[in-house]
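Numbering (full-length UniProt numbering), first residue to last: 1 to 307.
All C-beta atoms, glycine included, are put in the ideal place defined by N, C-alpha and C.
For reference, the structure is listed below as structure tokens.
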Amino acid sequence: LVIGMFVLLIGLSVVALFLLPLLVPLLLIATPLVTPPLLLIVMQRSQMRKQAQRAAEERTAAEESKAAAAVWTESPSLYFSTATAASRAHRRQVADDILRALDARVVSEEDSNFNRHIQNATGLAIYGCGVLAAAHVGGLKALERHGLDKDKIKTFAGVSAGAVVCAMLAVGCDADSIQQLIQTLDFPRLVQPELGSLVRAGANLFLPLFLKQTLTQSSLLERGDGPGVNSGEVLMQMVGDALKRQTRNADITLGEVYQRYGKRLVLIATELDSGKERRLTPETDANLPVRVAVRMSMGIPGAFEPF
Numbered sequence: 001l002v003i004g005m006f007v008l009l010i011g012l013s014v015v016a017l018f019l020l021p022l023l024v025p026l027l028l029i030a031t032p033l034v035t036p037p038l039l040l041i042v043m044q045r046s047q048m049r050k051q052a053q054r055a056a057e058e059r060t061a062a063e064e065s066k067a068a069a070a071v072w073t074e075s076p077s078l079y080f081s082t083a084t085a086a087s088r089a090h091r092r093q094v095a096d097d098i099l100r101a102l103d104a105r106v107v108s109e110e111d112s113n114f115n116r117h118i119q120n121a122t123g124l125a126i127y128g129c130g131v132l133a134a135a136h137v138g139g140l141k142a143l144e145r146h147g148l149d150k151d152k153i154k155t156f157a158g159v160s161a162g163a164v165v166c167a168m169l170a171v172g173c174d175a176d177s178i179q180q181l182i183q184t185l186d187f188p189r190l191v192q193p194e195l196g197s198l199v200r201a202g203a204n205l206f207l208p209l210f211l212k213q214t215l216t217q218s219s220l221l222e223r224g225d226g227p228g229v230n231s232g233e234v235l236m237q238m239v240g241d242a243l244k245r246q247t248r249n250a251d252i253t254l255g256e257v258y259q260r261y262g263k264r265l266v267l268i269a270t271e272l273d274s275g276k277e278r279r280l281t282p283e284t285d286a287n288l289p290v291r292v293a294v295r296m297s298m299g300i301p302g303a304f305e306p307f
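Right under this line is the structure:
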């Protein structure tokens, strides 16, 4: 393979040296003819971009003005939209008002059965919901109002985004600190395509079809073990940083969490070979770092590479 590439490089160099004397006069003739139209096209495109930007800014200003003046009883979709800063501020204000009203609410006799169940709970399971993981914080606060005692919880089980929440609960974080963590998670960045992952994914898909016999010694390409455009390293780094702030150990393991905090952290992943659920527990995976387990649980097909 190396010899073939070397011969090809020499051949291309010879062809380039042969064609260069012919290309130089053509370039000298074509440059004065082609340059003015190209400059005109560039200037026109720049002007069009500026006009489009001004139009977009005007539309945004008009939408913001309408949203700011909206009344929720008359235009609820406009008032609570997520498309404008004013409507997002409305949503936050209404949510804060609801939470304050709930905090001030006196627990009635009707709540007693539910409260007893919550107060005696020894396990908590949290599902995945992607960018809506912040909703779990509201759920945690509601459970705390109804008597949830995290000291009594012995097992936290989570999947996907719920794995992040459970991991932080297991090491002693409260709802507010978890909310801060989730708000710092840049979900678009977490699944942003990475060059290395694209190379490995492309190699995994096309190497068996076209290049397997030729490039069998290419270790870089052969490491592509499944489709995915992101390695998940950013996610592991973010979770590791949060764990380090809380525990002083970014690579704290499932077993260490159990020994130090007395909590069984169970994170759910999927085995690609069998397609079946795999439970990552202190008993079966004691030496597995929590941040790695979270990464495995949050492996979105097509976005993250298989672990």
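Inter-residue spacing [alpha-carbon to alpha-carbon] between residue i and residue j
i           : j      : result
ASN249      : ALA286 : 15 Å
SER13       : LEU23  : 15 Å
THR82       : ALA89  : 9 Å
ALA121      : GLU58  : 54 Å
SER169      : GLN93  : The identity of residue 169 in the sequence shown is Leu, whereas the question assumes Ser. Looking at the two C-alpha atoms, the distance is approximately 27 Å.
LEU78       : ALA62  : 13 Å
GLU271      : VAL257 : 24 Å
ALA101      : ALA242 : 31 Å
residue 314 : LEU235 : Because the chain here runs from 1 to 307, residue 314 falls outside it and cannot be looked at.
LEU140      : ASP273 : 35 Å
THR155      : ARG245 : 22 Å
ALA104      : THR73  : 25 Å
MET238      : ALA70  : 38 Å
ASP151      : ASN113 : 20 Å
GLU233      : PHE307 : 11 Å
GLU277      : GLN179 : 28 Å
ARG49       : ALA30  : 28 Å
VAL275      : CYS129 : In the sequence on display, residue 275 carries Gly and not Val. Cα to Cα, GLY275 sits roughly 20 Å from CYS129.
LEU39       : LYS66  : 41 Å
SER75       : ARG91  : 13 Å
LEU17       : LEU28  : 18 Å
Cβ-Cβ distance between residue i and residue j below 8 Å
i      : j      : result
HIS136 : GLY162 : yes
ALA68  : ALA86  : yes
LEU124 : ILE153 : yes
PRO282 : GLY299 : no
GLY262 : ASP251 : no
VAL290 : LEU265 : yes
THR84  : GLU64  : yes
DSSP bridge partner residues for residue i (one or two, in chain order)
i      : result
GLU277 : THR270
PHE80  : Answer is none; PHE80 lacks a bridge partner.
LEU99  : In the DSSP output, where bridge partners are listed per residue, LEU99 has none listed.
GLY232 : Answer is none; GLY232 lacks a bridge partner.
THR122 : None; THR122 has no bridge partner.
ALA250 : Looking at the DSSP assignment, ALA250 forms no beta bridge with any residue, so it has no partner.
THR155 : GLY123, ARG264
PRO21  : DSSP lists no partner for PRO21.
Beta-carbon proximity list for residue i, same chain, < 7 Å, skipping 5 on both sides
i      : result
THR247 : VAL171
SER219 : Annotation note: pLDDT 43 at SER219 (below 50); position unreliable, coordinate value reported separately. There are no such residues.
LEU143 : ILE118
LEU8   : none
Residues near residue i by beta carbon distance below 6 Å, same chain, minus five either side
i      : result
GLU222 : In this prediction, GLU222 has a pLDDT of 38, which is less than 50 and means its spatial position is unreliable; what the coordinates show is noted afterwards. Same-chain partners within the cutoff: there are none.
ALA175 : VAL137, LEU140, LYS141
ASP149 : none
Inter-residue CB distance, residue i and residue j (contact presumed, cutoff 8 Å)
i      : j      : result
ILE268 : ARG260 : About 22 Å; that fails the 8 Å criterion.
ILE126 : CYS166 : 5 Å
VAL294 : VAL164 : 6 Å
Beta-carbon contacts of residue i that lie in its chain and below 8 Å, excluding the five residues immediately before and after
i     : result
MET43 : none
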